[in-house]
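Notes follow once the structure below has been shown.
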Amino acid sequence: MPDSVNTVSTSANAATGGIAVPPVARVGDSLAHVATPALLLDLDVFEANVARMASRAAAHGVAVRPHAKAHKSVTIAREQMAAGAVGICCQKVTEAIPFVNAGIGNIHISNEFVGEARVALAVAMAARVALSVCVDDVRQVAPLGKAAQRAGVRIAVLPEVDVGQGRCGVDSTHAVGELIDAIDHYEGLRFGGLQAYHGSAQHIDSWDRRRDTARRAADRASAYVRFLDARDIACPVVTGGGTGTAEFDIESGVYTEIQPGSYVFLDGHYGSLEWRDEWRFRHGLFLASTVMSTAREGIIVCDAGLKSVATDSGLPRFWSSQQAGTPHYRTASDEHGVLELASPAEDSSAWLGEPILLVPGHCDPTVNLYDRYVAVRHERVEGLWPIEARGLSQ
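Written out as structure tokens, the structure is:
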């Protein structure tokens, strides 16, 4: 790992005689020496999760284009590319900037965007990488086409079709045809295929219902492909799907590539879904915390609250510690996490200063709270990986 990512820059503080912010950890540290709260990445689990998704998709001839909105890390994107990914997805235009600058050569903006500044940024990216973008309104096409033409670049444009999400995407073959005609009007654009993503399908608890919903989404996507075939329009890519439906999407015969993101971590929400064993990924992302107060019987208070973990998909789950017992994370405030012990009368004093690990409920917004991952193997820090796209949401 580059040394530059292993310490916090303190040159400005040193020059003024100020107090430097200590690094969250150093390579070689044991977990006991990691400053908390910190975002831990178990490298053995991470590598196994990446390899599993890559091999299962490859076995069906389907490409993997992982979603970088989950991890926002150039290092992780490179690991995914090394495992065979064809490129990455980004959800916002600015989110793609660190990946472009790092040399990730194939990027799909899997979301619509409007406005002169964003169009100009996309065109600038297209001069450096193979860029594809989504549209669901002909009014999004013209500004992009004119700007691309002036700059002498070519951008692949994918009409987004609504396959059940009810959010973005057109819902008729007529609208798809209009979008393709608008794309064909500009030399700087080319029809790149279809975006067919069903986000809410990823989070259905029941395996059977998740499978059935994914199949209906694939059927809807297939209807658009048949429409294009009837017009002698080749559809080179049908992209969509995610962690929750990947196993169904790669077997559908419709999707040519999938866009899973959370599989590298398996957060608490995804971990709570019903899975078949061959598709159950492992938890690899943890929140390292420390018990800082045991003033009340039956209660321990850790230093990981709302500023440390997203709670939109549920509170974090206690994972492990050296102390006996499995406390239940009950409430979160700004700087505190309150966990209940097994009995309200239990003496909590032995927990004071105890390091604990938590599984965040939703990895994407939790990652966005941190500057770096503390990458660990066998309870030793192996590296500190920057989260370069943190906060890039424009």
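Numbered by numbering that gives the first Met the number 0, the letters in the sequence shown go through residues 0 to 393 in order. Think of the CB as a built atom: it goes at the ideal place given N, C-alpha and C, for glycine as much as any other residue.
With a threshold of 16 other beta carbon atoms within 10 Å, ARG279 falls short and is exposed. Here GLY83 is near ALA57, since their CB atoms are less than 9 Å apart. The beta carbon of GLU381 sits closer than 7 Å to the beta carbons of VAL26, LEU42, ALA374 and VAL375 from its chain, once the five residues preceding and following it are set aside; these are given in chain order. ILE203 and LEU178 have their C-alpha atoms spaced approximately 31 Å apart.
When the five nearest sequence neighbours on each side are left out, the beta carbons in the same chain lying within less than 7 Å of the beta carbon of VAL61 are those of ILE249, TYR254, THR255, GLU256 and ILE257, in order along the chain. Taking C-beta separations shorter than 7 Å and ignoring five residues to either side along the sequence, the partners of ASN105 in its chain run VAL85, GLY86, VAL128 and ALA129, following chain order. CA-to-CA, the gap between GLN321 and GLY352 works out to about 11 Å. Our two residues, ARG208 and GLY241, have alpha carbons roughly 15 Å apart in a direct line.
Short of 6 Å from the beta carbon of LEU227, and not among the five residues preceding or following it, lie these beta carbons of its own chain, in chain order: CYS234. Counting only runs that start and end inside the segment 16-80, the alpha helix (DSSP H) elements of at least 4 residues fall at 42-58. Boundaries of the alpha helix (DSSP H) around ASN100: 96-100. Rounded to the nearest angstrom, the gap between the Cα atoms of TRP384 and ARG371 is 5 Å.
Of the residues GLY252, GLY390, HIS282 and SER251, the one whose Cα lies closest to the Cα of SER261 is HIS282. With a beta-carbon spacing of about 5 Å, ASP135 and GLY168 fall inside the 8 Å limit used to define contacts. Taking ALA200 as the centre and dropping the five residues before and after it, the same chain places the C-beta of GLY163, ARG209, THR212, ALA213, ALA216, GLY243 and THR244 closer than 7 Å to its C-beta, in chain order. In the displayed model, TRP384 falls within a strand according to three-state DSSP.
For the 9 Å CB-CB criterion, SER307 and PRO36 form a contact.
Between GLY267 and PRO359, the C-beta spacing is below 9 Å.
Cβ-Cβ separation between SER348 and THR293: approximately 5 Å, consistent with a contact (criterion under 8 Å).
Looking from the CA of GLY270, the closest CA among ILE232, GLY198 and ARG316 belongs to ARG316. Within the DSSP bridge table, the entry for PHE317 names LEU357 as partners.
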